[in-house]
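The numbering used here numbers the first residue of the sequence shown as 31 and each following residue consecutively. This report concerns only the one structure given below.
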Amino acid sequence: MPRIFVTGSTTGLGLIAARTLLAEGHDVIFHARNAPRADTLKQSIGDGASIVTGDISTVSGALDVADQVNTLGAPDAVIHNAGLGADTRLTMTSDGIPDLFGVNVLAPYILTASIPGPKRLVYISSDMHFVTPDLDDMLWRRRSWSGYAAYSESKFLVTALAFAVARLRPNTRSNAVDPGWVPTRMGGQSAPDDLAQGATTQAALASGSSRALQNLSGEFLYHMGVRAPQRGTRETEVQDRVLERCQALSGLHL
Numbered sequence: 031m032p033r034i035f036v037t038g039s040t041t042g043l044g045l046i047a048a049r050t051l052l053a054e055g056h057d058v059i060f061h062a063r064n065a066p067r068a069d070t071l072k073q074s075i076g077d078g079a080s081i082v083t084g085d086i087s088t089v090s091g092a093l094d095v096a097d098q099v100n101t102l103g104a105p106d107a108v109i110h111n112a113g114l115g116a117d118t119r120l121t122m123t124s125d126g127i128p129d130l131f132g133v134n135v136l137a138p139y140i141l142t143a144s145i146p147g148p149k150r151l152v153y154i155s156s157d158m159h160f161v162t163p164d165l166d167d168m169l170w171r172r173r174s175w176s177g178y179a180a181y182s183e184s185k186f187l188v189t190a191l192a193f194a195v196a197r198l199r200p201n202t203r204s205n206a207v208d209p210g211w212v213p214t215r216m217g218g219q220s221a222p223d224d225l226a227q228g229a230t231t232q233a234a235l236a237s238g239s240s241r242a243l244q245n246l247s248g249e250f251l252y253h254m255g256v257r258a259p260q261r262g263t264r265e266t267e268v269q270d271r272v273l274e275r276c277q278a279l280s281g282l283h284l
């Protein structure tokens, strides 16, 4: 059975997707941000899966997590689930970039560049990605901070990243998924969509278990169906701008 790595898999959609895959018999690598979360997770899943630990908001942290995964053995699929929501406060990583960009955009790039071999990559997007980002100010150096706008832009950028990977790696199935507005810590308990359904598409893409989805690449999906993404995410020039920014920040080539 495939080995599948799921980032941010101690709570919410990541935990549900990882548990679903584990129940199907896959070799699942869970990810916890810190040791206390890893300990709590281990108590609930037992010894049936591996856990890697680390804060992927920084370049060094993401590289360390990638090293841990590679030590366990190259995964067949990765679900880039870890993400931060909109925050009215601008907080920076130790690398001097907004932590929202660090987790939502740069970390998936670093892990993609540093973990060789996966044939299936899933990037978590959102229906909030339908914006036109300022590609000259991805790190919000010039603009006044807006957590809502920064979150939306980060989901545009990670969607463009997913499509860039699909274009540059034709033997890899790379897709972006909108899980819906679900009642997680990020989405809030009043969110109207079904939590379990919100994890179904990314689990199916990672495992290749759905005949309808198993050969898709470079697509934007919602609840097991293909939808049209924001048009700009399809533009090669836009994708290359995202790759160039992430490369400059991380020192890694995709």
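Using N, Cα and C, we set each Cβ at its ideal position, and we do this for glycine too.
Rounded straight-line distance, which links the Cα of Gln227 to that of Gly42: Counting from one through the sequence shown, the residue named residue 42 turns up at place 12. Counting from one through the sequence shown, the residue named residue 227 turns up at place 197. Approximately 12 Å, taken between the alpha carbons.
Output the residue ranges of the alpha helix (DSSP H) runs that lie fully inside the stretch 78 to 115 and measure 4 residues or longer, sorted by chain position. 89 to 102
Helix, strand or coil for Val36, going by three-state DSSP, please let me know. Counted from its first residue, the sequence shown places residue 36 at position 6. In the three-state scheme derived from DSSP, where H, G and I count as helix and E and B as strand, Val36 is classed as strand.
Quick one: what does DSSP say Phe186 is sitting in, helix, strand or coil? For the purposes of this step, residue 186 is taken as the residue at position 156 of the sequence shown. Helix.
At 3 residues or longer, what runs of the beta strand (DSSP E) sit wholly inside the stretch 113 to 195? 150 to 154
Same chain, Cβ closer than 6 Å to Ser182, five either side skipped, listed in chain order: Position 152 of the sequence shown, counted from the start, is the residue given in the question as residue 182. The answer, listed in chain order, is Met158 and Val161.
For the alpha helix (DSSP H) containing Gly210, list its first residue and its last residue. Residue mapping note: residue 210 aligns to position 180 of the sequence shown, counting from 1. Note, Gly210: premise wrong, no alpha helix (DSSP H); not H, not E.
Which residues does DSSP pair with Ile59 in a beta bridge? Translated into the one-based positions of the sequence shown, residue 59 becomes position 29. In DSSP, Ile59 forms a bridge with Phe35 and Ser80.
Taking Cβ to Cβ, would you say Leu51 is nearer than 8 Å to Ser240? Translated into the one-based positions of the sequence shown, residue 51 becomes position 21. Translated into the one-based positions of the sequence shown, residue 240 becomes position 210. The answer is no: Cβ separation not under 8 Å.
Which listed residue (Pro105, Asp97 and Ala180) has its alpha carbon closest to that of Asn134: Taking the first residue of the sequence shown as position 1, residue 134 is located at position 104. Nearest to Asn134 by C-alpha distance, out of Pro105, Asp97 and Ala180, is Ala180.
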